[in-house]
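Shown next, in structure tokens, is the structure this report addresses.
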Amino acid sequence: PYREPCLSPFPPTDQLAALLPLAIAAGLDLPLTLLLLGSASSLGFQSAPPGEPGDLAVALVLGMAGLLWLLELWAKRRWLSALGWNLAQGLVRPLAGALLALMLIPDAGTPWRYGAALVAALVSLWTHAGRTGWRLLLDLAKARHPSRILVSAAEDATALALVALILDAPLAATGLSLVMIALGTAWARPSV
């Protein structure tokens, strides 16, 4: 018998708009991204994250993200511990980016979900590799400026801004992400 081809449902626009910014934020600072996504409603954001990332609002998940964020701050103090942390995170962040993408578009068809997960994993990996390489170059050059604290604060601020834009203005978050990807492609190759 003849079967009609099964067309997989296209993900909603707000979910697709959040894909790149969420992947970049996860590559920059995964624990802080998880903390903001999970506590967005308690922090006063009017809209919930698209898809199912709001399910991260569980005390155990938020506590673990907070603990990992503190561990990351501690690890970034010395170049050797920062290198070890970043090497381990080179596996964790792409996987987390893929899982966040799957949570982001839960009702889309299977090809869309796996395609989005692959894109998010690659973007998270590229972002993490760029930030790790940049820090390593600063450490090898024994650069005093910019300081570790300033670089870390800039990464945190960028991740927070991207997640806040996802919640308030997803299309602006996508635009900013595309600019960041273009600049990263042009400038981050040596550090990756």
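Residue numbering for the sequence shown follows this note's numbering, starting at -7 and increasing by one per position. All C-beta atoms, glycine included, are put in the ideal place defined by N, C-alpha and C.
Mind reading off the beta-carbon distance from Leu114 to Leu14? Whole number of angstroms is fine, and I expect it under 8 angstroms. The beta carbons of Leu114 and Leu14 sit about 13 angstroms from each other, so the pair does not count as a contact at 8 angstroms.
Alpha carbon to alpha carbon, how far is Leu63 from Trp179? Give it in angstroms, no decimals. Near 29 angstroms, if we compare the C-alpha coordinates of Leu63 and Trp179.
Helix, strand or coil at Leu35 according to DSSP, with G and I counted as helix: Of the three classes helix, strand and coil, the one that applies to Leu35 here is coil, per DSSP.
Should Leu28 be counted as a contact of the ligand GDP given a C-beta to heavy atom distance under 7 angstroms? What this structure holds is no ligand at all, so the ligand GDP is not there to describe.
For the alpha helix (DSSP H) that contains Gly176, what are its first and last residues? Counting along the chain, the alpha helix (DSSP H) containing Gly176 begins and ends at 162 to 179.
Roughly how many angstroms lie between the CA atoms of Val84 and Ala149, to the nearest whole one? Each residue's alpha carbon lies about 21 angstroms from the other.
Would you kindly work out how many angstroms separate the C-alpha atoms of Ser34 and Leu54, rounded to a whole number? Distance from the CA atom of Ser34 to the CA atom of Leu54, rounded to whole angstroms, is 12 angstroms.
Output yes if chain D places a C-beta closer than 8 angstroms to the C-beta of Asp21; else output no. You won't find chain D in this structure, because it holds only one protein chain.
Can you look up Glu64 in the DSSP assignment and give me helix, strand or coil? Correct three-state label for Glu64: helix.
Note down, in chain order, each residue of its chain lying with its Cβ closer than 6 angstroms to the Cβ of Ser169, except the 5 sequence neighbours on either side. These residues qualify, in order along the chain: Leu12, Pro13, Ile16.
Under 8 angstroms, with one C-beta from each stretch per pair, do the segment 16 to 28 and the segment 140 to 156 reach the 3-pair mark? Yes: the two stretches touch, three or more of their Cβ pairs being nearer than 8 angstroms.
Sub-8 angstroms separation of Ala10 and Leu96 beta-carbons: Going by C-beta atoms, Ala10 is nearer than 8 angstroms to Leu96.
Count the other CB atoms within 10 Å of the CB of Thr119; is the residue buried (16 or more) or exposed (fewer)? Thr119 should be labelled buried.
Using DSSP with H/G/I as helix, E/B as strand and the rest coil, what is Pro42? For Pro42, the three-state secondary structure derived from DSSP is coil.
Would you decide whether Thr102 is buried or exposed? Buried here means 16 or more other CB atoms lie within 10 Å of its CB. When all chains shown are included, Thr102 counts as exposed.
Between Gly30 and Leu48, which are expected to be in contact by the criterion C-beta below 8 angstroms, what is the C-beta distance as a whole number of angstroms? Under the criterion of beta carbons closer than 8 angstroms, Gly30 and Leu48 qualify as touching, at roughly 4 angstroms.
Under a Cβ-count criterion, where at least 16 other Cβ atoms within 10 Å of its own Cβ denotes burial, should Gly89 be classed as buried or exposed? With 16 or more other Cβ atoms within 10 Å, it is buried.
With DSSP run on the structure shown, which of helix, strand or coil describes Glu(-4)? Here Glu(-4) scores only 49 on pLDDT, less than 50, and its place in the model should not be relied on; the value that follows carries that caveat. In this structure, Glu(-4) counts as coil in the three-state DSSP scheme.
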